[in-house]
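From first to last, the protein sequence lines are chains A and B.
Residue numbering for the first sequence follows our numbering, starting at 190 and increasing by one per position.
Residue numbering for the second sequence follows our numbering, starting at 190 and increasing by one per position.
Let me begin by presenting the structure, written as structure tokens, before commenting on it.
2 protein chains.
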Amino acid sequence: MEYTKPLAQLIEFFQKFPGIGPKSAQRIAFCLLKMQLSDIQKFARLMIDAKTNIHYCDICYNMSASNPCEICSDTKRDNSIICVVSEIKDLIAIEKTREYKGLYHVLQGLISPLDGIGVEDIRIKELLTRISNSSINEIILALGSSVEGEATSMYIAKLLKPLNIKISRIAFGLPIGSDIEFADEITLARAIEGRRLINSPEQISR
Amino acid sequence: MEYTKPLAQLIEFFQKFPGIGPKSAQRIAFCLLKMQLSDIQKFARLMIDAKTNIHYCDICYNMSASNPCEICSDTKRDNSIICVVSEIKDLIAIEKTREYKGLYHVLQGLISPLDGIGVEDIRIKELLTRISNSSINEIILALGSSVEGEATSMYIAKLLKPLNIKISRIAFGLPIGSDIEFADEITLARAIEGRRLINSPEQISR
Chain A
190 MEYTKPLAQL IEFFQKFPGI GPKSAQRIAF CLLKMQLSDI QKFARLMIDA KTNIHYCDIC
250 YNMSASNPCE ICSDTKRDNS IICVVSEIKD LIAIEKTREY KGLYHVLQGL ISPLDGIGVE
310 DIRIKELLTR ISNSSINEII LALGSSVEGE ATSMYIAKLL KPLNIKISRI AFGLPIGSDI
370 EFADEITLAR AIEGRRLINS PEQISR
Chain B
190 MEYTKPLAQL IEFFQKFPGI GPKSAQRIAF CLLKMQLSDI QKFARLMIDA KTNIHYCDIC
250 YNMSASNPCE ICSDTKRDNS IICVVSEIKD LIAIEKTREY KGLYHVLQGL ISPLDGIGVE
310 DIRIKELLTR ISNSSINEII LALGSSVEGE ATSMYIAKLL KPLNIKISRI AFGLPIGSDI
370 EFADEITLAR AIEGRRLINS PEQISR
């Protein structure tokens with residue numbers, strides 16, 4: 190005997206989610222069946238509501254129940270800086286630092302020819318239109334250091350060069366609290382390459 | 190900014206499940222939002238249906254949409270043997286071997302005084318009633334080798350002794366494919382203790 194049919198279907202559905210294998214799906218399904226029916230009904234409504242109400246912001250492609258999103262419609266934020274990220278979770282990670290008060294642009298992906306993702310498949314065109322329609326002073330590229338992140342950063346930097354805007358990238362180097370002896374060669378090389386003068390905020394020019 | 194409210198609520202709910210932390214919950218929620226609305230509605234129905242239709246079998250306390258469950262109502266199974274397990278997932282694990290054709294009894298827990306779980310809190314009384322109402326030849330205890338598993342096995346064995354039924358425990362020893370040199374001392378000690386004569390199916394009596 191396998192699981193009774195409704196339970197087997199439930200376990201199968203949970204396996205569609207990332208990082209959930211057969212054993213985790215089983216544990217989650219049992220946990221769900223132990224909940225109150227009213228809680229499960231609330232959960233079901235929550236999922237359907239989220240899917241129905243959450244849309245992409247027409248300006249920055251963040252996900253939000255309002256359009257424009259909470260960030261784009263916040264008048265206290267600095268609308269002369271745009272931080273370009275690949276996914277919404279990167280935006281949230283930056284927001285959690287409470288250091289950045291500008292706007293965002295979510296590309297919804299990175300250029301990756303191997304996966305068949307080209308320049309047209311991510312929101313680069315929309316970024317260009319957005320920059321040309323407003324007065325932007327600086328674009329911060331926060332796209333990670335993977336091959337795809339590097340390629341997309343280089344592509345956007347080249348594209349924006351004629352527009353005469355300040356273009357920066359977030360710093361790569363040693364994470365805070367880590368030891369130099371345990372850092373990998375590439376991180377250490379990037380940390381030396383990106384060194385800064387102690388008495389000046391300017392980066393040493395390469 | 191944190192996540193937009195419906196998304197934050199969804200992420201929070203996913204964190205209620207075992208093994209799902211904030212980052213996994215976030216990934217699962219994004220994955221859910223990328224699904225079709227019709228799939229999400231199907232998933233929601235599946236959860237509510239499972240909760241509404243699945244109940245414990247009145248005989249063996251397995252979970253099933255029918256009562257008695259598929260196993261108890263299967264006339265092809267040997268109803269003179271009962272395998273006692275602590276949780277339904279153990280029942281499913283044994284079923285997957287396709288070796289056992291008897292019935293089951295799910296205790297829904299193990300005796301664990303530290304967690305406040307006593308003899309009355311698990312389905313031992315129901316097991317006794319069941320045995321006295323039918324002609325059972327053998328009880329197989331498949332309760333694991335934790336302190337709680339050992340204690341529960343000993344308790345049930347002692348309780349059943351006057352009834353003059355064969356009482357057995359599943360074998361503990363080296364897992365198939367493992368090396369003797371890497372086995373821990375307790376497993377190896379149990380493997381030697383539980384050794385069997387090669388030419389006879391009988392275990393060496395202790």
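Beta carbons: idealized from backbone N, C-alpha and C, even for Gly.
Worksheet item: How about residue 220 of chain A: is its C-beta nearer than 8 Å to some C-beta of chain B?
Response: Interface residue, yes.
Item to complete: For residue 331 of chain B, decide whether its Cβ has a neighbour in chain A, counting only Cβ atoms nearer than 8 Å.
Response: Chain A, which has no Cβ nearer than 8 Å to the Cβ of residue 331 of chain B, makes this no.
Practice prompt. Would you please verify whether the beta carbon of residue 192 of chain A is less than 8 Å from any beta carbon of chain B?
Written response: Yes - at least one Cβ of chain B is within 8 Å of the one on residue 192 of chain A.
Worksheet item: To the nearest whole angstrom, what separates the beta carbons of residue 291 of chain A and residue 266 of chain A, a pair I think is in contact under 8 Å?
Response: Correct: roughly 6 Å between the Cβ atoms.
Worksheet item: Can you give the Cα-Cα distance for residue 296 of chain A and residue 277 of chain A, rounded to whole angstroms?
Response: Residue 296 of chain A and residue 277 of chain A: Cα-Cα distance of roughly 9 Å.
Item to complete: With a floor of 4 residues, list each alpha helix (DSSP H) that falls wholly inside the stretch 217 to 294 of chain A, ordered by position along the chain.
Response: Counting only runs of 4 or more, we get 226 to 242, 277 to 286.
Item to complete: With residue 357 of chain B as the anchor, note down where its alpha helix (DSSP H) starts and where it stops.
Response: Here residue 357 of chain B belongs to no alpha helix (DSSP H); instead the beta strand (DSSP E) covers 355 to 358.
Worksheet item: At which residues does the alpha helix (DSSP H) containing residue 299 of chain B begin and terminate?
Response: From DSSP, residue 299 of chain B is part of no alpha helix (DSSP H); its letter is neither H nor E.
Worksheet item: Over what stretch of residues does the beta strand (DSSP E) that includes residue 330 of chain A continue unbroken?
Response: The continuous beta strand (DSSP E) containing residue 330 of chain A extends over residues 327 to 330.
Discussion item. When you compare the stretch 235 to 252 of chain A with the stretch 300 to 308 of chain A, are there three or more beta-carbon pairs, one atom per stretch, that lie closer than 8 Å?
Written reply: No: fewer than three Cβ pairs fall under 8 Å.
Worksheet item: Which chain B residues are close to residue 305 of chain A, counting only those with a beta carbon under 9 Å from its beta carbon?
Response: Residues of chain B passing the Cβ test: none, with the nearest at roughly 17 Å.
Fill in: residue 216 of chain A at chain D interface by Cβ criterion, 8 Å
As a matter of chain content, chain D is missing from the structure shown, whose protein chains are A and B.
Worksheet item: Using a Cβ-Cβ cut-off of 7 Å (strictly less than) and excluding sequence neighbours within five positions of residue 331 of chain B, which residues of its own chain qualify?
Response: Within the same chain, 272, 273, 274, 279, 283, 359 come within 7 Å of residue 331 of chain B by CB-CB distance, once the 5 residues on both sides are set aside.
Worksheet item: Ordered along the chain, which non-local residues of its own chain (more than five positions away) have a Cβ less than 7 Å from that of residue 218 of chain B?
Response: Excluding residues within five positions, the ones whose Cβ falls inside 7 Å are 196, 199, 200, 203.
Worksheet item: Can the beta-carbon of residue 220 of chain A be found closer than 8 Å to that of residue 206 of chain B?
Response: Contact flag set, yes.
Fill in: Continuous alpha helix (DSSP H) stretch holding residue 351 of chain A: start and end
First-last for residue 351 of chain A: undefined, no H or E at that position.
Discussion item. Going by DSSP, what residue range makes up the alpha helix (DSSP H) through residue 380 of chain A?
Written reply: Judged by DSSP secondary structure, residue 380 of chain A falls within the alpha helix (DSSP H) whose first and last residues are 374 to 382.
Worksheet entry | Length of the line joining the Cα atoms of residue 233 of chain A and residue 215 of chain B | The alpha-carbon of residue 233 of chain A is positioned some 17 Å away from that of residue 215 of chain B.
Discussion item. On a Cα-Cα basis, can you pick out the residue from A:348, A:252, A:366 that is closest to residue 314 of chain A?
Written reply: Restricting attention to A:348, A:252, A:366, the CA atom closest to the CA of residue 314 of chain A is found in A:348.
Item to complete: Pull out every residue of the stretch 237 to 248 of chain A whose Cβ sits closer than 9 Å to any Cβ of chain B, in chain order.
Response: Those residues of the stretch 237 to 248 of chain A that come within reach of chain B (Cβ to Cβ, closer than 9 Å) are 237, 238, 239, 240, 241, 242, 243.
Worksheet item: Relative to the alpha-carbon of residue 365 of chain B, which residue among B:380, B:357, B:375, B:252 has its alpha-carbon at the smallest distance?
Response: When only C-alpha atoms are compared, the closest one is B:380.
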